[in-house]
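Trainee: Using the working numbering, the first residue of the sequence shown is number 252, and each one after it goes up by one. Glycine is no exception: its CB is placed at the ideal position from the N, C-alpha and C atoms.
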Amino acid sequence: MFTAARMIAALCLAGLAWLGSDYVMGLMPEREHFGMFPYINTLIGFLCGWIIVGPRAGRGTAAAISHGFTGVVAALIWVLLLHSTVEMVDLAMKHRYGGALDAFAAIFEIAVEYGALLLNTGFIMLMVIGAVVTGFLPEIASRHWR
Numbered sequence: 252m253f254t255a256a257r258m259i260a261a262l263c264l265a266g267l268a269w270l271g272s273d274y275v276m277g278l279m280p281e282r283e284h285f286g287m288f289p290y291i292n293t294l295i296g297f298l299c300g301w302i303i304v305g306p307r308a309g310r311g312t313a314a315a316i317s318h319g320f321t322g323v324v325a326a327l328i329w330v331l332l333l334h335s336t337v338e339m340v341d342l343a344m345k346h347r348y349g350g351a352l353d354a355f356a357a358i359f360e361i362a363v364e365y366g367a368l369l370l371n372t373g374f375i376m377l378m379v380i381g382a383v384v385t386g387f388l389p390e391i392a393s394r395h396w397r
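Rendered as structure tokens:
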């Protein structure tokens, strides 16, 4: 069901994903092309906001903060898994793995490597502040627009 809280949660998390993508592109070692990186992350953020944060709005302030953090962590996990899977497929096409099990295990190894790049104070603060905002705004919307 379409609600204002869902839309605001989705837009907040999508905006946070875009800002986070921009921040991460500055952290990454020199690369020539990021392609659809920020757009894919924004889509994942929108979906996590719509599916995870939005329906839970209206349960109080403490719950709103919790829902914001849940949405941000879920979006980060999906983004890491998706991009590490894409990287694994690229490496698999270059015959870097001995078999399917090696390739599957590499998804999680690559995700850990990418996750290590995210252990940056600025990025963590961006995600924490974004999670609080993403939790509060849908909560306010659920109170005002029912």
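Taking all protein chains shown into account, decide if Glu390 is buried (16 or more other Cβ within 10 angstroms of its Cβ) or exposed.
Mentor: buried
Trainee: Kindly list the residues whose CB is nearer than 8 Å to the CB of Ile295, restricted to its own chain and excluding five residues on each side of it in sequence; keep chain order.
Mentor: Ala268, Ala326, Trp329, Val330, Leu333
Trainee: By Cβ distance below 6 Å, which residues in the same chain neighbour Phe320 in space, the five residues on each side in sequence not counted?
Mentor: Short of 6 Å from the beta carbon of Phe320, and not among the five residues preceding or following it, lie these beta carbons of its own chain, in chain order: Ala382.
Trainee: Flag this pair as yes or no: are the beta carbons of Cys299 and Leu388 separated by less than 8 Å?
Mentor: no
Trainee: Considering only the beta carbon of each residue, do Val275 and Leu369 sit closer than 8 Å?
Mentor: The Cβ atoms of Val275 and Leu369 lie closer than 8 Å to each other.
Trainee: Can you tell me whether DSSP reads Ala308 as helix, strand or coil?
Mentor: coil
Trainee: Can you round the beta-carbon distance between His318 and Gly373 to whole angstroms, since I take them to be within the 8 Å contact cut?
Mentor: The Cβ separation is near 24 Å, so there is no contact.
Trainee: In or out: Met252 buried (at least 16 other Cβ within 10 Å) or exposed?
Mentor: exposed
Trainee: Exposed or buried, what is Ala308 when buried is set at 16 or more other beta-carbons lying within 10 Å of its beta-carbon?
Mentor: It is buried - the Cβ of Ala308 has at least 16 other Cβ atoms within 10 Å.
Trainee: Taking the alpha-carbon positions, what's the Gly311 to Met279 distance?
Mentor: In this structure, the alpha-carbon of Gly311 lies about 38 Å from that of Met279.
Trainee: Kindly list the residues whose CB is nearer than 6 Å to the CB of Thr293, restricted to its own chain and excluding five residues on each side of it in sequence; keep chain order.
Mentor: Excluding five sequence positions before and after Thr293, the CB atoms of its chain that fall closer than 6 Å to its own CB belong to Ala265, Ala268, Trp269, given in chain order.
Trainee: Where Gly271 and His346 are concerned, what is the direct C-alpha to C-alpha distance, given to the nearest angstrom?
Mentor: Rounded to the nearest whole angstrom, the C-alpha separation of Gly271 and His346 is 32 Å.
Trainee: Whole angstroms are fine: how far does the CA of Ile316 sit from the CA of Ser393?
Mentor: 14 Å
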